[in-house]
Ligand SMILES: Cc1ncc(C[n+]2csc(CCOP(=O)(O)OP(=O)(O)O)c2C)c(N)n1
Ligand code: SF4
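Protein chains in written order, with this note's numbering: chain L, 34 to 226; chain A, -14 to 510.
Okay, here's the thing in structure tokens:
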């Protein structure tokens, strides 16, 4: 078993929580893991990415090679495309469709969607909207994780366990909101794959 | 078997703690910051009362570490690569005084300059100082190395360097934890003059340092972190330093070339000689600058040696699996280009950042003088160079804003403005301010006080709450220390204050004071 995952987004959108939950689930499943993340400069509204590698064998590089990623999981549509060189031939692109516009030259939205949909293996969902509709607007990132969950080869229960471990100290309400969010994302993919 | 999920930096922190650490010193700087942060929040460090507060700058950190070593305790001092320039005086001389309790100088380099002004390679400093150095290839080695590093440090009475680079510093993996060693008992150096560098003593110590080099080479020869891995295809031999080894192995299920994996310096001469004799060509993979390559290639350039100097690998920038793949002559992997419509998303000042309002006021006050007058410094506020702020003109090294403004003013340039953050002012601005006061320079120094060291992720700022007292103490006249509130509703007032201070012929300090918008969230944590 091997899953190489690029997580993408804008500083502050919560990709490190996604990484922490997948990471915890992987460790709980007895797998090897390496996860390279970005600290410092790029957190001020700049693009951020994380390379997350899970395997049942020891992992060498902290970085995923070009064309090696099984998944790109992005919480922002344009950011999902920045890492296309990493995506493998049969890899899946899973992205939030809600644009985060903090630059003057953000691309035309329709063109952006057309480009995302030009990749045969894609899941595109308005995770912000879904999070709002289930009453936990701040759990957008967990909706995206849910949408990606069926491609991870990790048991869904382990991901739920990961959420409980990572968000546990923030209280039951936050844990429940996030559990609801991951479920909503999963259901979206099951219906739209 | 206890296993923890740790960043490379955290692994060093845990490794040092488990090796009997008594005190950690450092100044924040990406990518080194998490070593101290980890020790700061570690419950066992709390229980043992391991010293773990930030220092004012890297030099004071290095010297404090030496003091702890002098009384026999194990210590670690952490910094980013450019921080070692600041600590260099203490660092270079510490190679002569040596250590009593073990000293690890942990330096994180930033090839590709993800968040730095340059990409200098700290291994050159280790070689320069004739100090042993360790370079982990993964998180487990980052955890394991401190123990051996302290042993060597105490056996040879020498500080040792631990060098790591961004990728390992900020990458997480499972790390197997060992038993914990006791801290050292306090004891003075056995040799009374060990820390006395009067020339007559220093000359002897330098001879001694040179003499132990062959012993340090032997340590490297026998080190568990230097490994010769046999291969049947001798057409190429590969020397892989630190984490470059992983990028090599990523490209093979099994590598048929002999490999020399390097994790401890000085270089193991016999092992290098061995791979050199055995193989037709040598490829050197090292993160950062071509240190090993230059040593082996020599000035005249042995054509058998390949790496960054002959274009086999890029001369600059971080390594990755693809670059190494190309250097190995392996076929390119499938990869699609980034779609053209993707645009850059550079970092920017946060919405609501106090620096934005400070810059608005400054820019308006400066309108009549044209461009090019604002010497700045390093921190979040450096982003004020970018649109829409376009507020500053320089960023060189911590503290340079004030001293450069002095130099420009000395040349007759008016007005000469410096903008500097609170943490940066404490780190290296005070000495420049003293120069300005002593020679009555005509400068306006704007100390952007956001209550925190923001750029590196919200560490306490040592000078917090004492900035105006320090300025006054250094000799700035009280009526020319002006505190303003950088909020848009005070804009007109703030512009007026800055204009008045520009008009004053002498040293003025303006302190825009408002916390970074993330300070509250941090204090809540
Ligand atoms: C010698 C040196 N040490 C550390 C750093 C890393 N560094 C960059 S900016 C900064 C501090 C910024 O704090 P402050 O001056 O308060 O400005 P703020 O980011 O809060 O606006 C640090 C520690 C550096 N660039 N050079
Ligand atoms: S982190 Fe704080 S100081 Fe830095 S840009 Fe954001 S608000 Fe400003």
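The beta carbon of each residue, even a glycine, is placed where N, CA and C say it ideally should be.
Rounded to whole angstroms, the gap between the alpha carbons of residue 498 of chain A and residue 68 of chain A is 27 Å.
When A:229, A:145 and A:70 are compared, the shortest CA-CA separation from residue 201 of chain A is found for A:145. For residue 93 of chain L, the Cβ stays outside the 8 Å cut-off from all heavy atoms of ligand 2.
Listed in chain order, the non-local C-beta contacts of residue 40 of chain A below 7 Å within the same chain comprise 10, 11, 12, 46 and 49, local neighbours out to five positions each way being set aside.
The three-state secondary structure of residue 34 of chain A, taken from DSSP, is coil.
Bounds of any beta strand (DSSP E) do not take in residue 465 of chain A, whose DSSP letter is neither H nor E. Excluding residues up to 5 positions away in sequence, -6, 11, 63, 64, 65, 68, 91, 92, 93 and 154 lie with their Cβ nearer than 8 Å to the Cβ of residue 17 of chain A in the same chain.
Not one heavy atom of ligand 1 lies closer than 8 Å to the C-beta of residue 374 of chain A.
For residue 206 of chain A, the distance from the CB to the nearest heavy atom of ligand 1 is not below 8 Å. The closest heavy atom of ligand 2 lies 8 Å or more from the beta carbon of residue 72 of chain L.
With a threshold of 8 Å, the Cβ atom of residue 363 of chain A counts as near ligand 1, since some heavy atom of the ligand is closer than that. Distance from the CA of residue 192 of chain A to the CA of residue 79 of chain A, rounded to the nearest whole angstrom, comes to 14 Å.
Of all residues in the segment 156 to 175 of chain L, none places a beta-carbon less than 8 Å from a beta-carbon of chain A. One thing to note: residue 55 of chain L has its Cβ no nearer than 9 Å to the Cβ of residue 39 of chain L. Residues 57 of the same chain have their beta carbon placed closer than 6 Å to that of residue 198 of chain L, with the five preceding and five following residues left out of the count. Just so you know, the alpha carbons of residue 250 of chain A and residue 35 of chain L end up roughly 35 Å apart.
The segment 135 to 199 of chain L is shown to contain whole alpha helix (DSSP H) runs of 4 or more residues at 142 to 150, 160 to 166 and 173 to 182, in chain order. For residue 403 of chain A against residue 390 of chain A, the beta-carbon gap comes to about 4 Å, under 8 Å, which counts as contact.
With respect to chain A, the C-beta atom of residue 148 of chain L has a partner C-beta closer than 9 Å. For residue 83 of chain L, the enclosing beta strand (DSSP E) covers residues 80 to 88. Using a Cβ-Cβ cut-off of 9 Å, residue 321 of chain A counts as an interface residue toward chain L, since at least one Cβ of chain L sits closer than that to its own. Of L:108, L:65 and L:127, the smallest CA-CA separation from residue 226 of chain L is found for L:127. Inclusion of residue 220 of chain A and residue 287 of chain A in the CB contact set at 9 Å is not warranted, their separation being larger than that value. Close CB contacts of residue 97 of chain A within its chain, under the 6 Å cut and outside five residues either way in sequence, are with 302 and 303 (chain order).
For the segment 2 to 65 of chain A, the full-length beta strand (DSSP E) segments reaching 3 residues or more read 6 to 11 and 59 to 65 along the chain. Excluding five sequence positions before and after residue 194 of chain L, the CB atoms of its chain that fall closer than 8 Å to its own CB belong to 57, 58 and 61, given in chain order. With the criterion set as a beta carbon lying under 9 Å from some beta carbon of chain L, the members of the segment 200 to 234 of chain A are 228, 230, 231, 232, 233 and 234, in sequence order.
For residue 364 of chain A, the closest C-alpha among the options A:372, A:353 and A:381 is that of A:381.
Proximity of the beta carbon of residue 84 of chain A to ligand 1 is not indicated: no heavy atom of the ligand is located closer than 8 Å. Where residue 96 of chain A is concerned, there is no enclosing beta strand (DSSP E), because DSSP gives it neither an H nor an E.
Non-local C-beta neighbours of residue 102 of chain A in its own chain, meaning closer than 8 Å and more than five positions away in sequence, comprise 67, 363, 380, 381 and 382, ordered along the chain. Residue contact check for residue 15 of chain A against chain L: a CB pair falls below 9 Å. When CB distances to chain L are screened at a threshold of 9 Å, the residues of the segment 141 to 166 of chain A falling below it are 151, 152, 153, 154, 155, 156, 157, 158 and 159, in chain order. Excluding sequence positions up to five before and after residue 341 of chain A, its CB lies within less than 6 Å of the CB of 334, all in the same chain and listed in chain order. Using beta-carbon distances, residue 177 of chain L does not count as an interface residue toward chain A, since no partner is under 9 Å.
Annotation for residue 193 of chain A: the continuous alpha helix (DSSP H) segment containing it runs 184 to 196.
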